[in-house]
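Residue numbers (this note's numbering), protein chains in the order written: chain A, 394 to 508; chain B, 394 to 508. We treat Cβ as the ideally placed atom computed from N, Cα and C, and that holds for glycine. For reference, the structure is listed below as structure tokens.
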DNA sequence: TGTCCATATAAGTATATCGTTATATGATTA
DNA sequence: TAATCATATAACGATATACTTATATGGACA
């Protein structure tokens, strides 16, 4: 029988491992203040669309983010209902705002809006 | 308003990556309440001595832990002076105590003490 | 001084991770 | 319905990671 506290360590370690990638960590910080769609992330990170899609899948697999289709696009947002969200929010609050990434997108006319 | 002591995304990501390993995360949690030497970790994690040594080196490389020789042994402790220690402490406080690992060591007579 | 013991490093291997390009999927819309 | 667009998946390669075993190092102390 496994010790339940060891499982907590285990789960926390895999959560931290997921957040321990600069692309995913920035994604999470960004999503804390803005919903974003895949193509926006592609523009922000200057990375291929599949690479972005794979990062988002990892975040979604453990339900750190949610997706919602709006018109042509699928928007991702932080799942504030996640059991570990308070813990995650704590981590994200230690990071500098990444809003300039979105501002730059807007400046280039690449920001998607669905109003 | 965001916390003023904002951490660099890149540096935070590599810190989280380091902590995102169950062995190292447990080590850090343990070190928060007990100094431990390498051979104690070997007994606790049931892992080879070089494996333990390599994990500790990673933690020491970014100065999360300090080492101090006491007699034959080298004891490791948490570096509370680390710039990011408050952040790290926050993470560790989210974890269940791992003191039973040390208690079990004592029960087996494997706990090293230097008095 | 020489031996012993704890720890560190070296070298090698298996697996994981993160990117790529090519292709599939599936909703939207013309 | 067919074309289009955004996104997902597949397949693959390069590099990183986390172990292993073998060996080196270096302080403690007989």
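Which residue from B:465, B:448 and B:453 puts its Cα closest to that of residue 471 of chain B? As a working mapping, residue 471 of chain B is identified with position 78 in the second chain. Of the candidates B:465, B:448 and B:453, the one whose C-alpha sits nearest the C-alpha of residue 471 of chain B is B:453.
Roughly how many angstroms separate the alpha carbons of residue 365 of chain A and residue 502 of chain A, rounded to a whole number? Chain A is shown from 394 up to 508; residue 365 of chain A falls before or after that span and cannot be answered.
Helix, strand or coil: how does DSSP classify residue 428 of chain B here? As a position in the second chain, residue 428 of chain B is number 35, starting the count at 1. Residue state, collapsed to three classes: coil.
With distance defined between alpha-carbon atoms, name the residue in B:465, B:402, B:464 and B:449 nearest to residue 418 of chain B. As a working note, residue 418 of chain B is residue 25 in the second chain. Nearest of B:465, B:402, B:464 and B:449 to residue 418 of chain B, Cα basis: B:449.
Which residues bound the beta strand (DSSP E) around residue 446 of chain B? Along the second chain, one-based indexing puts residue 446 of chain B at 53. Here residue 446 of chain B belongs to no beta strand (DSSP E); instead the alpha helix (DSSP H) covers 442–454.
Identify every residue that forms a DSSP beta bridge with residue 470 of chain A. Working through the first chain from its first residue, we reach residue 470 of chain A at position 77. A:459.
State the Cα-Cα distance for the pair residue 416 of chain A and residue 428 of chain B, rounded to the nearest angstrom. Residue numbering aside, residue 416 of chain A sits at position 23 when the first chain is read from its first letter. Residue numbering aside, residue 428 of chain B sits at position 35 when the second chain is read from its first letter. So the two alpha carbons sit approximately 35 Å from each other.
Beta-carbon contacts of residue 446 of chain B that lie in its chain and below 7 Å, excluding the five residues immediately before and after: For the purposes of this step, residue 446 of chain B is taken as residue 53 along the second chain, with counting starting at 1. Excluding residues within five positions, the ones whose Cβ falls inside 7 Å are 431.
Chain-order list of residues whose beta-carbon lies under 6 Å from that of residue 435 of chain B (same chain, five-residue window excluded): If you number the second chain from 1, residue 435 of chain B lands on position 42. Excluding positions up to five away in sequence, the list reads 442 and 445.
For residue 439 of chain B, name the three-state secondary structure that DSSP assigns. The residue you call residue 439 of chain B lines up with position 46 of the second chain. In the structure shown, residue 439 of chain B sits in coil (DSSP, three-state: anything other than H, G, I, E or B).
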